[in-house]
Every structure is written in structure tokens, then in C-alpha cells.
Amino acid sequence: MKLKNENKRIIGIEKYDAKIIISGDVLEVYFYDETLKRKIVEEVEGIETQEKEEKEPSLPDENYKRSLQSAKRAQKKMERLINANIGCWKQKEKFITLTFSEYKTREQVLKCFDRFKRRLKRAVHDEFEYIAVIERGTKGTKRLHMHCIFFNLPYVKNSVFRKIWKYGNVKINAVKNHEDLAGYVTKYIEKTLTDGNYIPKGKRFYTTSQDLKKPIEYIMNALDAVIAVKEYEEMYPDRMSLIDHCCDFLHTGPIRYIKVAEPKQAYIPKKKNKNEN
């Protein structure tokens, strides 16, 4: 049986009632009350893929609202990608906020970032990876800004970085600890995505480099998942279960969700009071 994408076909069905996702130091486990099924797909060689017709670009629409569930799912996907890359590169991660001195649309923001990325590569003479998330202002402003994490990026002075960016302000922080970094970067995603004024329907709110490490997903039976969690905890005795709760999803029914990770904290500098030196 072939899929809509003509260069793939279904070769079987696999059943499972547990799923494990490993994103760097974070282990997530889903136990399902009901047995689920997933298609096994393989690539079919020798078939030309039909070119897709170009669609007119979507425009911001104040009447369009993404569902909260959709926004949460996008937020979780981004958190996993960030966690999968923390601590995996030669250089320390850099958490950087890029702002714009004037209003720009999502498309303009991405074009500015693309030009900036090329200038930065020429300046450091080295390859680096990145995750850049578009977010709206927190104080009612319509101006978008970007929270970025750079992996394997050499040290760059703030003044030099600002000249390379040149569209607004730059705030650079080297990441010393990591637990809340993904949560901090994605903190305002929900508000940004559920408001059609900022990110048009069907458009991404982030951009990433191609060579990032990806979260690893396994599906299995519940017994194998229990054994895997025990082996993980024995291998890393200093780690703790951060979350263990039951919930009910529309498409999968009741599940038990466990999240295990090493306790860490992200280094986010606090603003100084005016009276402090």
C-alpha cells in the first residue's frame, strides 16, 4: 500500500502500549491503557516525487487561533530538541536574545536572521549549530524578537555581536546549568502561537540548523519500558523522577507519564536593582 507521498509505502503495522523518548539527559516514558498501532514505512526508490504547487503566503489573521493542545505539542517538540543538544558540543552553549528596533513580520524576521547567520559564520570562521525561536513581546508590544541557543559557537564580544546583528539589541549569556533552559526559551510560545496576529496559520515559529542532534524515540510493550526505566535509574543513580502522573488524551485514552532527568538549573542572570553597584 502506497502513501500520498508516492516515494513511500507501508510494509507493516507494529503494536505498542509504551513509548520512550530520550532527549539528552531527559527520559520520558508514556504507558498507554490501550494498545496502539503505527505504520511501518519504507522509502521506494526509482519514483520521482511530484513537485508541489506553490501556495500563496499566509498572512497574520487575528481571527485564527491555534488550539492550546497544538501549541503545547509544538512547545514540547522544541523542548526536546533543545535538551537533545545541551552538553553535546565542544563549546559551551550560548543563550542569546535578539531584538528588533522596529516592527517586522515573521517572514522579515527570518530573512534578517538568515543574513545575520551568514555574517556570523564569516566572522567566527567556524561551523556552529543553532535553535532560534520567534516570540512576541511580553508587554503588549507587537514587535517580535528571537530567543536563540547557539551550540559550538566560539566566544564573540557583545559589541562585535551587536554589529553583526545590527537590527536591534543583543543580550548574550553563556549557559552554566541547563535544567530550565528549554522551558525559559519556550516560555512564551503558547501565547505567541495562540494569537494569529503573530505567526500565520501553518507557519513555523522557529528555525534550526540541519546538523542538530535529534531526540530518540522507541515504541515497545509496557514490560520492556519498565525494565528500561529501571536500567536507566540504576545507570544514573543521581537522577530523580521529576514527573509521574496519569492523564487522559483524546486520541490515545488514559496514559501514565513519567519524566526522569538529572536535577540541574539554568543560569539566567537576574536584573540588578538600581541601588546595586
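In my numbering, the protein residues as written are 47 to 323. Ideal Cβ placement from N, Cα and C applies to all residues, glycine included.
For residue i, the three-state DSSP class (helix, strand or coil)
{"i": "Ile304", "result": "strand"}
{"i": "Glu125", "result": "helix"}
{"i": "Ser205", "result": "helix"}
{"i": "Leu144", "result": "strand"}
{"i": "Ile132", "result": "coil"}
{"i": "Lys217", "result": "strand"}
{"i": "Gly58", "result": "strand"}
{"i": "Lys118", "result": "helix"}
{"i": "Glu108", "result": "Caution is warranted here: a pLDDT of 48 is assigned to Glu108, below 50, making its placement in the model unreliable, and no coordinate value can be reported."}
Residue i to residue j span [Cα, whole Å]
{"i": "Glu280", "j": "Cys292", "result": "24 angstroms"}
{"i": "Ile218", "j": "Val72", "result": "25 angstroms"}
{"i": "Lys123", "j": "Asp257", "result": "17 angstroms"}
{"i": "Ala268", "j": "Lys85", "result": "19 angstroms"}
{"i": "Pro283", "j": "Tyr176", "result": "31 angstroms"}
{"i": "Arg250", "j": "Ile68", "result": "23 angstroms"}
{"i": "Phe174", "j": "Asn131", "result": "12 angstroms"}
{"i": "Thr331", "j": "Lys138", "result": "Residue 331 lies beyond the stretch modelled for the chain, which goes from 47 to 323, so this question has no answer here."}
{"i": "Gly70", "j": "Asp172", "result": "24 angstroms"}
Continuous alpha helix (DSSP H) stretch holding residue i: start and end
{"i": "Ile273", "result": "268-281"}
{"i": "Tyr350", "result": "This structure cannot settle anything about residue 350, because the visible part of the chain is limited to 47 through 323."}
Run of the beta strand (DSSP E) containing residue i, from where it starts to where it stops
{"i": "Lys83", "result": "72-89"}
{"i": "Tyr149", "result": "That residue, Tyr149, is in no beta strand (DSSP E); it is neither H nor E in DSSP."}
Problem set entry | alpha helix (DSSP H) segments (min. 4 residues) lying fully within the stretch 151-203 | Inside the stretch 151-203, DSSP marks whole alpha helix (DSSP H) runs of 4 or more residues at positions 152-170, from first to last along the chain.
Problem set entry | Cβ pair count under 8 angstroms reaching 3, the stretch 157-171 against the stretch 258-278 | Counting Cβ pairs under 8 angstroms, fewer than three are found: no touch.
Exercise. Does the stretch 197-211 touch the stretch 263-278, meaning 3 or more C-beta pairs lie closer than 8 angstroms?
Worked result: Under the 8 angstroms Cβ criterion, the stretch 263-278 does not count as touching the stretch 197-211, having fewer than three qualifying pairs.
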